[in-house]
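Q:
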Amino acid sequence: MKSVFYKVNLTLDDGSIMHVGDLVLTGDRCAFRYSNEFNDSSHLFPIDPINLTPDKHAYEVNKVLFGVFEDSLPDAWGRSLMARRFALSHAAQSPHLLLQYLDYKAIGALSYELEGHMTYAAEEESIHSVVELAQAARAFEEGDMQDDVTLQRLFNAAGSPGGAHPKASVIGGDGLLKLVKFPSISDRYDITGLEASCLTLAGMAGMRVPGFSVMEEGGIKMLCLDRFDRIGEGCRHMISMQSLLNVSGFYHSTYVQMADVVRTVSSNPSGDLQALFRQMIFNAVIGNTDDHLKNFSMYYRDGYALTPAYDLLPDVNQNHAHTLSFDHSDVGPRRSEATGTLAARFKINTSMAAQIVDEVVEIVATNWRAICMQHDVPVAEINHFNLYIERQVNKLTAGMGAS
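Here the sequence shown is numbered in this note's numbering, starting from 1460 and rising by one per residue.
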């Protein structure tokens, strides 16, 4: 069976590139070895602090690809563009083969050079072309794209950010890379307005979120987000919780398992555990049921830290249950559980847990309608999701005198 060889590079904060290691892939088996250059440098750190700690020996596993490398790849939207743009067969769409098509817009700081091939280079798209890109994305979704030049532009802008929604990475007016999310033909709600509202509320509730703005041009409402994996000319290395936990797919996992990872990996475990606990409560209150392990990540900033929260939405897909469980429940914790057993697993005392719960509940319950109206979410949608929020608020405030 033929092996595939990649040189794995890392873009540093200053934009310089370092050879971090070599990746060899053969069928359902992969191997990685850190380079001597990286092992001996002052920049050395583990690209996966649990499963790939720096060493001179090669790591080998019986899987198609180590999770930290698959994190560089897009999810459904980007992969479908790759397949169409390069006319890839089903076999050629294996994750280890898709790495060769990534460019500088890929998530995080890793890049890949396929042995014997030129590195793929895509042209940049600016913020001024978002309407054209949004229209092209709609045509692609509808199966009505006949123009190869437009397909090339759409692929160039797609980069690698994950998620199933149409999106593009473009250069903003400030010269920095932005992620612009477009509406989809399958949307049942104003996803742009709802996500902007949730990001606003999250920030008000004490969570770190990326900078963002809502754009409306040509009758298309779009969400423009800062890329928090970028710093000036450089990049920040990222790894998802799915990779850190070394699991495949979105199998049944818990917030507590993520807390265990944070406690092990974070350079500021106390602060990051509180941040993760706050995000867990926020997700429970708004009904963010798409809370799978790919939607939580850590990045390297002179030590690993929890990234700002992202992909925050109410239950727009009507899942009615969270992907991650709250220890024993997948429909949101009651107050006694949140401030008791869950808080203990996060190493947070009862009074601090109660304070976080109360802050999040107060912000969301008091401001949901007003913030959604600021972002022009239709009233019927505001009311629809408010019913769920009210139920969650009642669960998290019942028995307040006992907490």
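Using N, Cα and C, we set each Cβ at its ideal position, and we do this for glycine too.
Buried or exposed, going by whether 16 or more other CB atoms sit within 10 Å of the CB of residue 1511?
A: The sequence position of residue 1511 within the sequence shown is 52, counting from 1. Result: buried.
Q: I need the DSSP call for residue 1877, collapsed to helix, strand or coil.
A: Here the chain has residues from 1460 to 1862 only, and residue 1877 is not among them.
Q: Please confirm if the segment 1782 to 1794 is in contact with the segment 1673 to 1688, defined as three or more CB-CB distances below 8 Å between the two stretches.
A: No, the segment 1782 to 1794 does not touch the segment 1673 to 1688.
Q: Taking Cβ to Cβ, would you say residue 1772 is nearer than 8 Å to residue 1654?
A: Here residue 1772 corresponds to residue number 313 of the sequence shown, with the count starting at 1. Here residue 1654 corresponds to residue number 195 of the sequence shown, with the count starting at 1. Going by C-beta atoms, residue 1772 is nearer than 8 Å to residue 1654.
Q: Our contact map puts residue 1856 next to residue 1793 with C-beta atoms below 8 Å; I'd like the distance itself, whole angstroms only.
A: For the purposes of this step, residue 1856 is taken as residue 397 along the sequence shown, with counting starting at 1. For the purposes of this step, residue 1793 is taken as residue 334 along the sequence shown, with counting starting at 1. So it is not a contact: roughly 10 Å between Cβ atoms.
Q: Quick one: is residue 1809 buried, meaning 16 or more other Cβ sit within 10 Å of its Cβ, or exposed?
A: Sequence index remark: in the sequence shown, residue 1809 carries index 350 (1-based). Label assigned to residue 1809: exposed.
Q: Quick one: using the 10 Å Cβ neighbour count with 16 as the cut-off for buried, is residue 1645 buried or exposed?
A: Numbered from its first residue, the sequence shown carries residue 1645 at position 186. Classification for residue 1645: exposed.
Q: How long is the line joining the alpha carbons of residue 1679 and residue 1560, rounded to whole angstroms?
A: Taking the first residue of the sequence shown as 1, we reach residue 1679 at position 220. Taking the first residue of the sequence shown as 1, we reach residue 1560 at position 101. Cα to Cα, the separation comes out at about 29 Å.
Q: Kindly provide the ranges of any alpha helix (DSSP H) runs that are 4 or more residues long and lie completely inside the segment 1698 to 1728, ordered along the chain.
A: Runs of the alpha helix (DSSP H) inside the segment 1698 to 1728: 1700 to 1703, 1714 to 1724.
Q: What is the rounded straight-line gap between the Cα of residue 1524 and the Cα of residue 1825?
A: Your numbering for residue 1524 matches position 65 in the sequence shown. Your numbering for residue 1825 matches position 366 in the sequence shown. About 46 Å.
Q: For a minimum of 3 consecutive residues, which ranges assigned as the beta strand (DSSP E) are wholly contained in the segment 1546 to 1584?
A: Listed in chain order, the complete beta strand (DSSP E) runs (minimum 3 residues) inside the segment 1546 to 1584 are 1569 to 1573.
Q: Is it a yes or a no for the segment 1534 to 1546 touching the segment 1487 to 1502, going by three-plus beta-carbon pairs under 8 Å?
A: No, they do not touch.
Q: Taking the runs of the beta strand (DSSP E) that are 3 residues or longer, which of them lie wholly in the segment 1746 to 1791?
A: Whole beta strand (DSSP E) segments, 3+ residues: 1756 to 1759, 1763 to 1765.
Q: With three or more C-beta pairs closer than 8 Å as the rule, is the segment 1659 to 1672 touching the segment 1710 to 1724?
A: Flag = no, the segment 1710 to 1724 and the segment 1659 to 1672 do not touch.
Q: Does the contact criterion of 3 or more C-beta pairs under 8 Å hold for the segment 1810 to 1821 versus the segment 1634 to 1645?
A: Result no; under three Cβ-Cβ pairs closer than 8 Å.
Q: DSSP three-state call for residue 1589: helix, strand or coil?
A: Sequence index remark: in the sequence shown, residue 1589 carries index 130 (1-based). Residue state, collapsed to three classes: helix.
Q: According to DSSP, what are the bridge partners of residue 1636?
A: On the sequence shown, residue 1636 is found 177 positions in, with the first residue counted as 1. Answer by DSSP bridge pairing, in chain order: 1630.
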